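Protein chains: 2
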Amino acid sequence: MKNVVLLGSTGTIGRNTLDVIRRNSGAFRAVGLAAWSNRDLLLAQIREFRPDVVSVGKAEDAANIRRRLVGRKPEILSGPEGAEALAAETKGDIVVSAITGFNGLRPTLAAVKTGKIVALANKESMVAAGALLRREAIRSGAAFVPVDSEHSGVFQCLAGRRADEIRSVTLTASGGPFLRTPLRDMGRKTPAEALAHPRWKMGRKVTIDSATMMNKGLELIEARWLFDLEPGRLRVLIHPQSIVHALVELRDGSVLAQLSLTDMRIPIQYALTHPERRDGILPPLDLAAVGALEFIAPDERRFPLLRTARWALGEKDSAAVAMNAANEVAVEAFIEGKLKFTGIARTIESALAGLRPRRLDSIGDIVEEDRRVREQTRSRIGKRK
Amino acid sequence: MKNVVLLGSTGTIGRNTLDVIRRNSGAFRAVGLAAWSNRDLLLAQIREFRPDVVSVGKAEDAANIRRRLVGRKPEILSGPEGAEALAAETKGDIVVSAITGFNGLRPTLAAVKTGKIVALANKESMVAAGALLRREAIRSGAAFVPVDSEHSGVFQCLAGRRADEIRSVTLTASGGPFLRTPLRDMGRKTPAEALAHPRWKMGRKVTIDSATMMNKGLELIEARWLFDLEPGRLRVLIHPQSIVHALVELRDGSVLAQLSLTDMRIPIQYALTHPERRDGILPPLDLAAVGALEFIAPDERRFPLLRTARWALGEKDSAAVAMNAANEVAVEAFIEGKLKFTGIARTIESALAGLRPRRLDSIGDIVEEDRRVREQTRSRIGKRK
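Top to bottom, those sequences are chains A and B.
Heads up: the first sequence at position 240 corresponds to 240 in the numbering used here, and the numbers run straight through without jumps.
Heads up: the second sequence at position 104 corresponds to 489 in the numbering used here, and the numbers run straight through without jumps.
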């Protein structure tokens with residue numbers, strides 16, 4: 001029985017993680033759950049999974065939950081410190097880090113510092129603080145297991161290979177809802193259209209990131225740090241069926257790939273069971289039923305943020321922090337109707353235009369750089385309106 | 386530097402193996418070459434690769450080669466005993482077993498008995514004597530490394546996995562030249578049409594086997610013995626592009642696949658370098674240029690021999706021996722115009738109709754069963770004419 005602490009339990013990854021736990025009864029116990037604003041779902045999760053500790057965004061929500069529970073109650077924390085305390089909670093064998101965006105960084109760091117297994121779904125923390133998190137993991141003995149389907153695919157293909165066998169690592173991308181939209185129509189695409197992802201059911205932030213392919217850019221940077229890969233070895237390939245998640249090219253020209261149904265419960269389950277595997281909870285992949293797997297080289301005119309991410313990938317720490325911060329602000333502004341779809345990329349590009357990338361050695365420096373770029377980006381968007 | 390003994394040096398696998406050796410100068414030395422009837426090519430190979438020992442079919446060809454060589458001459462053997470002696474030659478670190486058909490069995494067994502690494506391209510020997518070869522390998526410490534692209538793919542996907550993680554193993558098949566031929570036209574297909582394989586440039590026997598898909602049936606049986614897999618876990622999937630060579634399904638629903646360009650020098654090189662890898666001699670695989678990878682469930686009305694092979698796969702030893710013998714005779718008869726294309730399957734099915742499969746414990750029993758079925762099949766084909 002593995003004890004799981006789940007940060008971000010009410011999000012898409014969180015709910016899928018709990019479904020994996022539910023369907024593997026006896027294998028895992030959810031000892032800690034952290035949510036932010038979805039109080040009612042958190043309450044339902046507490047009733048079903050009976051964790052020892054939970055955390056929620058506001059103190060009043062914590063009080064509300066406490067009131068509504070009967071019988072044995074978990075310890076109920078609140079605020080950002082609550083999530084951090086939960087991440088460091090000693091009862092957990094494995095921490096699933098599934099808070100979306102930069103907000104996931106501090107809890108992830110707290111989990112890493114206590115030397116746990118960190119099942120990482122929060123790519124933004126690796127993007128903003130990859131070097132720092134790696135250093136802390138080496139110090140504490142923490143191990144990262146990827147949760148993202150693409151990184152789980154890479155992880156599984158790399159298993160047992162030596163670094164000098166690897167020529168390149170390719171993450172696939174569905175291409176999102178606008179893969180075949182005429183370029184001149186991209187500017188008119190609405191949040192509702194961008195949120196209609198053809199393959200994956202995910203949260204809003206990552207769905208918009210998928211439409212711009214910034215998601216894949218963030219994943220490239222995440223892969224760099226997760227697997228200690230040289231930036232030049234990382235590739236992206238569009239694969240609309242989202243069945244092949246990753247490809248690892250070996251030096252002799254042989255390529256290993258990982259495939260599965262387009263369902264995040266498969267990589268989530270592997271992240272929880274690794275290094276073991278348990279029987280799948282889904283029907284087997286039937287390639288004859290899928291028919292054809294297509295592969296398309298990404299077009300950087302359609303997805304200019306891929307080029308931006310490739311730049312950040314090769315630059316010093318602050319480039320990725322700034323790119324991520326500008327992206328979070330721009331995506332929010334797009335969802336709120338303050339930016340056109342094509343404005344997301346333009347906003348990020350101008351946020352980065354004057355940047356001189358530099359090393360950021362501490363979490364304080366990272367948080368400060370993130371804050372600075374967010375403010376600047378917000379004020380730029382405000383002015384434009 | 387690895388010393389390579391190459392059995393079947395003038396065939397397609399043999400010539401590709403020598404090309405791999407040529408392009409990896411300094412890594413391998415061809416210390417022994419065995420050919421059968423292609424005397425002139427063998428002579429050219431001796432001049433280029435300067436082996437210590439060679440073997441050829443007839444004594445007069447041995448004499449002819451000896452006469453035409455100037456300077457340092459290799460030891461020149463002849464006959465089936467020559468190939469066997471070469472297989473057991475102590476100078477070799479690795480024996481590439483690439484003689485086509487049942488004739489490859491005795492030399493393969495000789496190599497296995499001396500405890501070498503056997504790079505196996507001769508699938509018929511595993512089909513006819515899989516259990517025996519496995520027993521002998523355990524006794525001598527010999528190790529098998531697959532040369533076939535499909536088995537090399539399986540081998541690479543299985544590396545580092547435990548047996549209890551494997552749910553199924555799928556070999557892909559191009560489907561051959563008649564994948565889309567109307568069923569009613571199959572009977573009229575000529576040897577020239579059957580020999581025009583759409584993807585792989587191979588010898589005549591294996592190309593016809595590919596058109597009937599008996600090749601894949603033989604490979605299923607080979608995979609059973611090479612990887613010690615239960616027959617029920619083995620699958621076939623048609624994949625016309627021949628880029629994905631094998632798929633290994635794990636118990637959690639994740640699937641690992643091995644891909645490469647359709648060029649047998651890739652698996653041959655890996656068989657020679659394993660457990661290491663060396664840089665490839667071909668351009669990298671460009672999936673965006675390939676575009677789409679298709680997968681089709683095989684139709685047993687079109688490929689009835691797949692069903693026959695699946696039967697043999699689950700039966701006692703003599704079933705596979707008989708099927709292989711009947712197939713070799715039928716393929717020869719088809720090439721010589723004595724059988725229609727659809728007559729190959731019908732001939733094999735009637736050869737197996739009365740068979741009561743039994744265990745065959747010795748090479749003598751296997752050779753005797755093979756001889757018996759060949760004679761019977763020949764006489765049946767003779768009568769039909």
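Don't be surprised by glycine CBs; every beta carbon is placed ideally from N, CA and C.
Computed from a prediction, not measured in an experiment: that's the story for all the values here.
Please classify residue i as buried or exposed, where buried requires at least 16 other C-beta atoms within 10 Å of its C-beta.
i                      : result
residue 587 of chain B : buried
residue 764 of chain B : exposed
residue 68 of chain A  : exposed
residue 224 of chain A : buried
residue 213 of chain A : buried
residue 627 of chain B : buried
residue 323 of chain A : buried
residue 1 of chain A   : exposed
residue 123 of chain A : buried
residue 194 of chain A : buried
residue 265 of chain A : buried
residue 374 of chain A : buried
residue 362 of chain A : exposed
residue 567 of chain B : exposed
residue 141 of chain A : exposed
residue 768 of chain B : exposed
residue 14 of chain A  : buried
residue 393 of chain B : buried
residue 74 of chain A  : buried
residue 394 of chain A : The structure shown does not extend to residue 394 of chain A, since chain A spans only 1 to 385, so no value can be given for it.
residue 22 of chain A  : exposed
According to DSSP, is residue i helix, strand or coil?
i                      : result
residue 28 of chain A  : strand
residue 506 of chain B : coil
residue 222 of chain A : helix
residue 494 of chain B : helix
residue 292 of chain A : strand
residue 257 of chain A : strand
residue 197 of chain A : coil
residue 446 of chain A : Past the boundaries of the shown model lies residue 446 of chain A; chain A is included only from 1 to 385, so the question cannot be answered.
residue 629 of chain B : strand
residue 285 of chain A : coil
residue 615 of chain B : coil
residue 700 of chain B : coil
residue 75 of chain A  : strand
residue 455 of chain B : coil
residue 484 of chain B : coil
residue 300 of chain A : coil
residue 563 of chain B : coil
residue 693 of chain B : helix
residue 264 of chain A : coil
residue 386 of chain A : It is not possible to answer for residue 386 of chain A, since the shown part of chain A is limited to 1 through 385.
Per DSSP, which residues does residue i bridge with? Please list them.
i                      : result
residue 620 of chain B : B/555
residue 140 of chain A : DSSP, once it has assigned bridges, lists no residue as partnering residue 140 of chain A.
residue 329 of chain A : Residue 329 of chain A is not bridged to any residue.
residue 2 of chain A   : A/28
residue 34 of chain A  : A/7 and A/55
residue 249 of chain A : A/168 and A/255
residue 479 of chain B : B/389 and B/502
residue 20 of chain A  : According to DSSP, which records beta bridges pairwise, residue 20 of chain A is partnered with nothing at all.
residue 145 of chain A : A/119
Give me, in chain order, the residues of the same chain whose beta-carbon lies closer than 6 angstroms to that of residue i; leave out the 5 immediate sequence neighbours on both sides.
i                      : result
residue 237 of chain A : 170, 172 and 295
residue 456 of chain B : none
residue 199 of chain A : 174, 242 and 262
Who are the Cβ neighbours of residue i in its own chain at under 8 angstroms, not counting the five residues just before and after it?
i                      : result
residue 416 of chain B : 388, 389, 390, 436, 437, 438, 474, 476 and 477
residue 250 of chain A : 161, 165, 166, 167 and 256
residue 704 of chain B : 696, 697, 737, 740 and 742
residue 301 of chain A : 183
residue 675 of chain B : 626 and 628
residue 209 of chain A : 215, 218, 327 and 331
residue 282 of chain A : 261, 263, 265 and 266
Within the same chain, show all residues whose beta-carbon is closer than 7 angstroms to that of residue i, passing over the 5 residues directly before and after it, in chain order.
i                      : result
residue 423 of chain B : 395
residue 729 of chain B : 597, 715, 716 and 719
residue 272 of chain A : 2, 4, 20, 28, 94 and 119
Say yes only if the C-beta of residue i is nearer than 7 angstroms to one or more non-hydrogen atoms of the ligand MG, and no if none qualify.
i                      : result
residue 266 of chain A : As presented, the structure is devoid of all ligands, the ligand MG included, so that no description of it is given.
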